[in-house]
Amino acid sequence: MPPVSPSPGATTYKISTGIILSRPPLLTKTATPFEKAFYLYQKRLNERLVLPFTRYFYHKKDQPADLEWKAKVKERNGVAARDIGGYRAYGEEGWNDEVLIGGQEEKVAEWEDIAGKLVEEGMGEDLEKVKLESRAGETDKRSLARKMDETVYLVVKGKEKSVDREGKEVQVDAWEFPRGDMVGNEVLHTAAQRILAQTAGENMNTWIVGHIPIGSLTIKPSKKFGREAEKVFYMKGRIMAGQANLKGNAFGKEDFMWLTRKEIEELVTKRFWSQVGGMLGGR
């Protein structure tokens with residue numbers, strides 16, 4: 001009878017907590033070309049269905065308001081609306097209310113163009129022109145005022161052990177969400193609050209969304225690197241004001257960035273992304 005080999009024991013995992021801190025979008029999502037064409041068509045269709053603007057009901061003839069109206073309507077090809085590209089619903093070409101692909105009218109309903117004209121008209125000709133900020137916001141990846149039409153997440157940079165091509169042990173940069181060990185009788189959401197404060201400082205107005213984790217990360221043990229098995233349960237957090245500050249943090253983190261979902265996917269390892277990608281929103 002062959003000898004019976006004992007089955008390996010179950011792996012014991014250390015429980016730790018992490019936090020996925022996010023800033024939600026501040027602006028509505030940029031419309032796709034199809035959406036822009038659809039909204040423009042609806043506006044032109046509305047012009048065909050409503051009665052023409054009764055000018056003399058609102059402006060007396062040859063008065064300043066009437067003269068201003070004439071000057072502005074002349075710039076818009078005789079129509080009141082500025083976001084329909086000079087389309088005349090009651091003209092000979094009233095039936096032709098669709099925009100051609102590649103035509104000059106494709107950008108007539110762009111928000112930046114309309115808002116810029118409103119600002120210029122409101123300030124007058126004698127004052128300095130105001131330049132509108134881009135929807136993308138700042139280019140600094142440490143700023144919260146970037147990618148304003150998308151959600152950005154806080155990621156921090158630390159060090160972890162790895163092996164180079166020659167088989168030597170080296171220290172490499174590792175970007176991840178803030179995480180740490182639980183202390184005493186802490187529960188997940190209180191541990192997440194403490195870990196966030198110890199990592200990114202107290203100068204942030206944040207709150208934890210619920211008491212249930214939104215996902216987990218499994219870290220396999222490694223005798224070579226002295227790494228024990230670990231399961232990280234991530235809590236969801238929101239930031240309303242403030243900024244991260246890693247000076248004197250308790251986890252040895254060196255840098256931080258506020259990144260979108262796509263930017264995080266390009267930055268972290270495939271193994272890490274395969275476990276945390278589903279926790280991040282589509283926008």
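For the sequence shown, UniProt numbering gives the first residue as 1, with consecutive numbering after it.
Using N, Cα and C, we set each Cβ at its ideal position, and we do this for glycine too.
- Shown here, D66 sits in a helix according to DSSP, grouped into three states.
- Residue nearest to D97 within the set N46, R55, E230 and E266 is N46 (criterion: CA-CA distance).
- Remark: C-beta atoms of K147 and T260 approach each other more closely than 8 angstroms.
- Between Y90 and M235, the alpha-carbon positions lie close to 58 angstroms from each other.
- Using a Cβ distance threshold of 8 angstroms, V99 and A37 count as a contacting pair.
- Beta-bridge partners assigned by DSSP to V156: E176 and F256.
- Residue V268 holds the alpha-carbon nearest to the alpha-carbon of K159 among G277, F53, V268 and L280.
- Counted as a single uninterrupted DSSP element, the stretch harbouring K61 is not any beta strand (DSSP E), since DSSP gives it neither H nor E.
- C-alpha of Y13 to C-alpha of S274: approximately 20 angstroms in a straight line.
- S162 and K270 have their alpha carbons spaced roughly 15 angstroms apart.
- Of the residues R179, V276 and Q243, the one whose Cα lies closest to the Cα of G252 is R179.
- Taking each of R88, A136, Y58 and R48 in turn and checking the Cα distance to T30, the smallest one comes out for A136.
- Note that the C-beta distance between L21 and I239 is below 8 angstroms.
- Taking the CA atoms as reference points, K74 sits about 17 angstroms from Q63.
- In its chain, beyond the 5 residues on either side, K14 and P221 have a beta carbon closer than 8 angstroms to the beta carbon of E228.
- Rounded to the nearest whole angstrom, the CA to CA distance from I195 to G18 is 8 angstroms.
- Under DSSP, R23 takes part in a beta bridge, and its partners are V152.
- Counting only runs that start and end inside the stretch 164-223, the beta strand (DSSP E) elements of at least 3 residues fall at 169-176, 179-181, 204-208 and 215-219.
- Annotation: E176 to G86 spans about 51 angstroms, alpha carbon to alpha carbon.
- C-alpha of V50 to C-alpha of G237: approximately 48 angstroms in a straight line.
- Judged by beta-carbon spacing, E230 lies within the 8 angstroms limit of S16, meaning their Cβ atoms are closer than that value.
- Every alpha helix (DSSP H) stretch that sits fully inside the stretch 258-282 and reaches 4 residues is listed by chain position as 261-267 and 270-276.
- In the displayed model, R55 falls within a helix according to three-state DSSP.
- Here G215 is near M279, since their CB atoms are less than 8 angstroms apart.
- Distance from the CA atom of E186 to the CA atom of Q193, rounded to whole angstroms, is 11 angstroms.
- Around the beta carbon of A10, fewer than 16 other beta carbons lie within 10 angstroms, which makes this residue exposed.
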